[in-house]
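Numbering-wise (this note's numbering), the sequence shown opens with residue 240 and increments by one.
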Amino acid sequence: MITRGIFCKLNNLKIYRKYLPNYRFFSDDIWNEELTIDLKLKIENQWKDKLCKGTFNRNDVDNKFYVLSMFPYPSGRLHMGHVRVYVIADSIARFHRMNGQNVFLPMGWDAFGLPAENAAILHGLPANKWTKSNIDHMKKQLQELGCSFDWSHELATYDPSYYKWTQSFFVKMFQSGLVYSKEAEVNWDPVDETVLASEQVDENGRSWRSNAIVEKKLFKQWFIRTTQFSKALYEGLNDPSLRDWRDIINLQKHWIGECNGYVFDFQVFTDDIYRTILNVWTQYPEHVPLAGFIFIKPESFVHKYYILNHKNVYIKNPITGSKLPILVTDCVEYPDGQDALLAIPHINSVDEKLAKKHNISYLNCVNQNLYLSREEVCKKAKELNSGGYPVSSKLKDWLISRQRYWGTPVPIIHCKNCGAQAVPENELPVKLPLLDMQGDKKFKSLELAEEWVKTTCPKCGKEAKRETDTMDTFVDSSWYYLRYLDPNNSFQPFDKTLANKMMPVDIYIGGKEHAVLHLYYARFFNHFLHSIGLSPSPEPFKNLLVQGMVMGQSFKIKANGTYLKEVEVIKKDKQFFTKDGDFPVTATWEKMSKSKYNGVEPIDTINQYGIDTMRLFILSNVAPTSNRNWNSDLFPGILNWQHRLWLTIREFRKIRNCNDVQMNTIDLSKFEKEEINLKDARNYYVKKTSSNFRKSYQLSVAISKLQGLTNSLRKSPKEVVKYSAEYEKLLAVQIIMLAPIAPHFASALWSGFVSATGRLNQDYENISWEDDVINQKWPEVDIDYIFSLYCLVGILS
240 MITRGIFCKL NNLKIYRKYL PNYRFFSDDI WNEELTIDLK LKIENQWKDK LCKGTFNRND
300 VDNKFYVLSM FPYPSGRLHM GHVRVYVIAD SIARFHRMNG QNVFLPMGWD AFGLPAENAA
360 ILHGLPANKW TKSNIDHMKK QLQELGCSFD WSHELATYDP SYYKWTQSFF VKMFQSGLVY
420 SKEAEVNWDP VDETVLASEQ VDENGRSWRS NAIVEKKLFK QWFIRTTQFS KALYEGLNDP
480 SLRDWRDIIN LQKHWIGECN GYVFDFQVFT DDIYRTILNV WTQYPEHVPL AGFIFIKPES
540 FVHKYYILNH KNVYIKNPIT GSKLPILVTD CVEYPDGQDA LLAIPHINSV DEKLAKKHNI
600 SYLNCVNQNL YLSREEVCKK AKELNSGGYP VSSKLKDWLI SRQRYWGTPV PIIHCKNCGA
660 QAVPENELPV KLPLLDMQGD KKFKSLELAE EWVKTTCPKC GKEAKRETDT MDTFVDSSWY
720 YLRYLDPNNS FQPFDKTLAN KMMPVDIYIG GKEHAVLHLY YARFFNHFLH SIGLSPSPEP
780 FKNLLVQGMV MGQSFKIKAN GTYLKEVEVI KKDKQFFTKD GDFPVTATWE KMSKSKYNGV
840 EPIDTINQYG IDTMRLFILS NVAPTSNRNW NSDLFPGILN WQHRLWLTIR EFRKIRNCND
900 VQMNTIDLSK FEKEEINLKD ARNYYVKKTS SNFRKSYQLS VAISKLQGLT NSLRKSPKEV
960 VKYSAEYEKL LAVQIIMLAP IAPHFASALW SGFVSATGRL NQDYENISWE DDVINQKWPE
1020 VDIDYIFSLY CLVGILS
């Protein structure tokens, strides 16, 4: 006997045939075609303009979800590492949009730096024109990925409207004592005649670019006193709002170190002329006024550049103002990461013996009544801007000076009468002058812009000179997430009211190689901005998704390490050899690189497989946090799944449109069982896939679940496909949950699905039949669905 519910479904079938979708993007004939690469590219071309638009509404931010991916350096070409991070970000953004949230997914450009300067010199072009050309090209490439970036919030760090505010923050730090200059030892490339960052010197002490042996030189450099925020940055990592930071918290804590001591600034003098600052760390601040002299390591820059070149060298105690002698020795145990150590001969007998041995005279602290409490010493040091803040012994202040052209100019004016003066806020930005990049191929410096260097002192009005250093590009990238909110604001760096509602970032996505330095500097910047009332919370990022690298298989000759192309290698009995068979070859998985011949061009992959196939492949099989070995042998799995989905819609449309399955031939008991199984499958896959998107970000597992869902659909017999409302719901769920990761393909499937005849769920509230798939609500588990809940209530010993 037919039950009332099933009878209604079958009887109303005729009624629902009258409903047709508002649009069709392809003729019905397309569903008779095979899913070839030409057809996939046709589908993607048809849908890409509609799918590549961000939909953030800045006037409705109460339900915001801020998805931030690390912005790229505009090299001019995308690589697979870019593809991975931006496809992950786009998939998460689309998921949250379908869950009704107002998603903010901005994009911009980390545009300053050495590579652009190199390329500009090589091509004899202005650096700004070279960079702009690369940005235009890469923007087109990004748009080919089908990502829904909000381009109305686009920014570039080389734009004066951006670095105006970078300079403004520098001025604020300078005025508050957080920025200072001192002579410091740097890495000098004698060929390119420029300072190199430590990471630009290889393990053999050679320059990464010129291959020259790097020299050590003394230069006056600008520093940001990041150590002042050490304790706050360390303790901030215990904030319960930080989700999915996992081992990144340990990396950050290891970098910062336990703040079990205090650092003080001691001034170095030669012949009564001030030279530089020596940062001295101690666990006992109360000992600073009692210091009799200072121990210095032989390899210390103070020894190499001052003591060996001058007779009268001493260090000034920041608390007492007394002159402290120096003892150069490696006979004492220095704190980790320190080149100096306080000598307290009044307390430490070893220090006293060494003083006598080396005939060092020192003040009698007892007679001078120099005993102060720890709190008194630290308070006085802070008042004098000479330290007194808790910090680990190994953490150093941030050296931001770069003797290069292509960077944010340091907004300082040097006056012979007034010293270093900050450029007034109303004169910012200090714009970069245009330099001729033709001629010699060495690095350019702002010193070459002689007319630009000449200026007047903002304090006394006399002749002065501009600072010619530019800032480390890490400064530019330490606050871009705030400027994204309000990139066209010419009156302030960002709207504070908007920042209060939008910050912190809900999820930050990028490579693990940036999990220490960039993240540390970005956290410092936000802590600083929070301390002056600009940022609403000290921590800028709630969740982190640190994705692994995309690896390509490389081949190199075992004997000499020469890299070979894959076509130059043959395989014999699981071993690799050069094509002539003479030399054994090692095959390994390494980060993709042109020099290793193991890179894959995204545009070639798109032309061969399509955008969505590439998106699915780069997200499948491995977790986002793991390295992705790019193996084209795995593509057939994704291609077969797409083919089965295509067949599913084709067959669904065909069965719904034919009458070869009659109502009176249905075995109702089997039909009801099929409906129950389909409902269970729908709730199971919705629950699991939603969790993979929302909680764990295991997008590879989400894809695996969707493939399992496809298997459930394709097991259904014809009568279920034709008459089951549960089948229709499950098929809708399949396409909707595919949409965030393969939006073009899902859009085409949805078009075929909603234009099929015989609709059974016309009034089903969870499907909006007249809307595109990207505008559908994300499916939810039925309120009456019963699922297992496992609780750990105790552990027996």
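Backbone N, C-alpha and C define an ideal beta-carbon position, used for all residues, glycine too.
Would you mind reading off the limits of the beta strand (DSSP E) that contains residue i?
i, result
"valine 785", "780-786"
"aspartate 389", "389-395"
"isoleucine 535", "532-535"
"alanine 703", "702-705"
"serine 793", "789-796"
"cysteine 1043", "With the chain covering 240 to 1036 only, the question about residue 1043 has no answer from this structure."
"alanine 978", "No beta strand (DSSP E) holds alanine 978; DSSP gives it neither H nor E."
"serine 994", "Neither: serine 994 is in no beta strand (DSSP E) and is coded neither H nor E."
"tryptophan 348", "345-348"
"glutamate 424", "418-428"
"valine 553", "Rather than valine, the amino acid found at residue 553 in this sequence is tyrosine. Its beta strand (DSSP E) spans residues 552-555."
"threonine 694", "693-695"
"phenylalanine 462", "454-463"
How long is the line joining the alpha carbons of residue i and residue j, rounded to whole angstroms?
i, j, result
"cysteine 654", "lysine 704", "7 Å"
"tyrosine 501", "lysine 303", "41 Å"
"alanine 328", "serine 308", "6 Å"
"cysteine 1030", "lysine 403", "55 Å"
"arginine 485", "leucine 476", "11 Å"
"leucine 252", "threonine 996", "Note that leucine 252 has pLDDT 41, beneath the 50 cutoff, so the model's placement of it is unreliable and the number below is only indicative. Using only the alpha carbons, I get a separation of about 9 Å."
"threonine 712", "aspartate 398", "13 Å"
"isoleucine 1006", "arginine 953", "21 Å"
"valine 434", "tryptophan 637", "15 Å"
"histidine 585", "lysine 543", "29 Å"
"serine 400", "isoleucine 331", "30 Å"
"asparagine 341", "glycine 293", "10 Å"
"alanine 941", "histidine 335", "15 Å"
"valine 1012", "lysine 918", "21 Å"
"aspartate 1021", "asparagine 1000", "15 Å"
"aspartate 708", "tyrosine 419", "13 Å"
"tyrosine 1024", "leucine 948", "17 Å"
"lysine 1016", "valine 326", "21 Å"
"tyrosine 573", "glutamate 422", "22 Å"
"isoleucine 374", "isoleucine 512", "49 Å"
"leucine 593", "lysine 618", "31 Å"
Confirm the yes/no value for this check: CB of residue i, any heavy atom of the ligand MN, distance under 7 Å.
i, result
"tryptophan 427", "Questions concerning the ligand MN fall outside what the structure shown contains, since it holds no ligand whatsoever."
Which residue comes first and which comes last in the alpha helix (DSSP H) that contains residue i?
i, result
"aspartate 715", "712-715"
"phenylalanine 304", "No alpha helix (DSSP H) contains phenylalanine 304, which is instead part of the beta strand (DSSP E) from 303-308."
"tyrosine 719", "719-722"
"threonine 928", "907-930"
"leucine 886", "874-896"
Shortest alpha-carbon distance to residue i belongs to which of the options?
i, options, result
"proline 663", "Pro697, Val552, Leu674 and Ser631", "Pro697"
"proline 648", "Ile1025, Leu685 and Thr852", "Leu685"
"glutamate 965", "Thr996, Ser990, Asn896 and Glu913", "Glu913"
"proline 429", "Leu611, Tyr419 and Ser449", "Ser449"
"proline 1018", "Pro979, Ser1027 and Ser990", "Pro979"
"serine 407", "Val324, Pro668, Leu280 and Asp590", "Pro668"
"leucine 783", "Ile282, Glu272, Asp301 and Tyr305", "Tyr305"
"tryptophan 520", "Arg514, Ala530 and Met976", "Ala530"
"glutamate 615", "Ala941, Tyr523 and Arg854", "Tyr523"
"isoleucine 850", "Leu290, Pro777, Ile809 and Trp390", "Leu290"
"threonine 509", "Ala451, Ile488, Val925 and Ile565", "Ile565"
"valine 630", "Ile452, Leu593, Phe468 and Leu563", "Phe468"
"lysine 781", "Leu280, Asp431, Asp483 and Asn338", "Asp483"
Practice problem: May I ask you to verify whether the region 466-481 touches the region 760-768, counting CB pairs closer than 8 Å and requiring at least 3? | Solution: yes
Self-check item: the region 801-809 / the region 768-787 touching (three or more Cβ pairs under 8 Å)
Solution: no
Exercise. Examine the Cβ distances between the region 737-747 and the region 445-465 and report whether three or more of them are shorter than 8 Å.
Key: These segments do not touch.
Quiz item: In chain order, which beta strand (DSSP E) runs of at least 3 residues are fully inside the region 495-544?
Solution: Counting whole runs of 3 or more residues, the region 495-544 contains the beta strand (DSSP E) stretches 500-509, 512-521 and 532-535.
Quiz item: Taking contact to mean at least 3 C-beta pairs separated by less than 8 Å, is the region 367-383 in contact with the region 404-414?
Solution: By the Cβ test, the region 367-383 is not in contact with the region 404-414, since fewer than three Cβ pairs between them sit closer than 8 Å.
Quiz item: Would you call the region 903-910 and the region 810-828 touching, i.e. three or more CB-CB distances under 8 Å?
Solution: no
Exercise. Would you list, in sequence order, the uninterrupted beta strand (DSSP E) runs of no fewer than 3 residues that lie entirely inside the region 792-864?
Key: 808-811, 814-817 and 823-830
Practice problem: Would you check if the region 345-357 and the region 309-320 touch, i.e. whether three or more CB-CB distances between them fall below 8 Å? | Solution: Segments in contact, yes.
Quiz item: Is the region 353-363 close to the region 862-878, with three or more CB pairs under 8 Å?
Solution: Fewer than three beta-carbon pairs drawn from the region 353-363 and the region 862-878 are found closer than 8 Å, and the two stretches are therefore not classed as touching.
Quiz item: Does the region 850-861 come within contact of the region 919-935, defined as at least 3 CB pairs closer than 8 Å?
Solution: When C-beta atoms of the region 850-861 are compared with those of the region 919-935, fewer than three pairs fall below 8 Å, so the two segments do not count as touching.
Quiz item: Should the region 748-763 be regarded as contacting the region 377-389, the criterion being three or more beta carbon pairs within less than 8 Å?
Solution: No, the region 748-763 does not touch the region 377-389.
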